[in-house]
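First comes the structure, then the notes that go with it.
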Amino acid sequence: MNSRRRFLCLAGALLPLPAGAQSKWGVVHDISGEVLLNGRPLTAQSAIQGGQTVSTGADGRVTFSVAGDVYFLRPRSELRLHSANWREAFINTLRLVTGAMGATFRPGLARSVVAQTVTIGIRGTGVYVETSPEESYACTCFGTTEMLSAAGGAMMERVR
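So for the sequence shown, my numbering puts the first residue at 211; every next one is plus one.
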């Protein structure tokens, strides 16, 4: 099963949990190869939260959830997690510095994914994003997204 389809199956199984049933901090569900949390090896027992950076090496892959949202990172990726309030688990901005990630988000809370050339506004959505310094690829798996130019903030596309 390819990684995107496997991710969507895992995400579908995890998202129905009510917010109260979710851990306050992120939970690692699957990890292989080199995966770092703030430059140190990530383990299945690591607690992921806003203000941290998750990165994968050439053979690294990881799937984790934070407050009802589920993420996966592919090899050679770096994802910075930002939270408006450090006391809460909710991640409102994801900065994909390089590489590829997939994510499903519980509905109701506004979030954004920032990549090299695009900012994606999200509302209860599943997305897949790949980025490099030259270009970004974004796919809305379900839900609604608004894609804005990272350079000037101009609306590029609204996807439903």
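For every residue, glycine included, the Cβ atom is placed at its ideal position computed from N, Cα and C.
In the DSSP assignment, find the unbroken beta strand (DSSP E) run with residue i in it and report its ends.
{"i": "residue 291", "result": "288–292"}
{"i": "residue 236", "result": "Segment: none, residue 236 is in no beta strand (DSSP E) and carries neither H nor E."}
{"i": "residue 260", "result": "Looking at the DSSP string, residue 260 is not in any beta strand (DSSP E), and its letter there is neither H nor E."}
{"i": "residue 372", "result": "Because the chain spans 211 through 370 in this model, residue 372 falls outside it and cannot be assessed."}
{"i": "residue 334", "result": "328–341"}
{"i": "residue 279", "result": "279–283"}
{"i": "residue 243", "result": "Residue 243 -> no beta strand (DSSP E), and no H or E assigned at all."}
{"i": "residue 273", "result": "271–276"}
{"i": "residue 370", "result": "Premise fails: residue 370 is in no beta strand (DSSP E) and is neither H nor E."}
{"i": "residue 304", "result": "303–314"}
{"i": "residue 320", "result": "320–324"}
With 16 other CB atoms within 10 Å as the buried threshold, where does residue i fall?
{"i": "residue 250", "result": "exposed"}
{"i": "residue 282", "result": "buried"}
{"i": "residue 352", "result": "exposed"}
{"i": "residue 287", "result": "buried"}
{"i": "residue 368", "result": "exposed"}
{"i": "residue 243", "result": "exposed"}
{"i": "residue 232", "result": "Confidence in residue 232 is poor, its pLDDT being 47 and thus under 50, which makes the residue's placement unreliable; the coordinate value appears in the next sentence. Label assigned to residue 232: buried."}
{"i": "residue 316", "result": "buried"}
{"i": "residue 313", "result": "buried"}
Measure how close the beta-carbons of residue i and residue j come, nearest whole angstrom, since I'm counting them as under 8 Å.
{"i": "residue 280", "j": "residue 240", "result": "No, residue 280 and residue 240 are not in contact; Cβ-Cβ is about 11 Å, not under 8 Å."}
{"i": "residue 263", "j": "residue 285", "result": "Not really, about 16 Å apart at Cβ, beyond 8 Å."}
{"i": "residue 304", "j": "residue 319", "result": "With a Cβ gap of about 13 Å, residue 304 and residue 319 do not count as contacting."}
{"i": "residue 252", "j": "residue 238", "result": "7 Å"}
{"i": "residue 324", "j": "residue 337", "result": "Their Cβ separation, rounded to whole angstroms, is 12 Å, which puts residue 324 and residue 337 out of contact at 8 Å."}
So with Cβ pairs under 7 Å, would you call residue i a contact of chain B?
{"i": "residue 329", "result": "Of the protein chains in this structure there is only one, and it is not chain B."}
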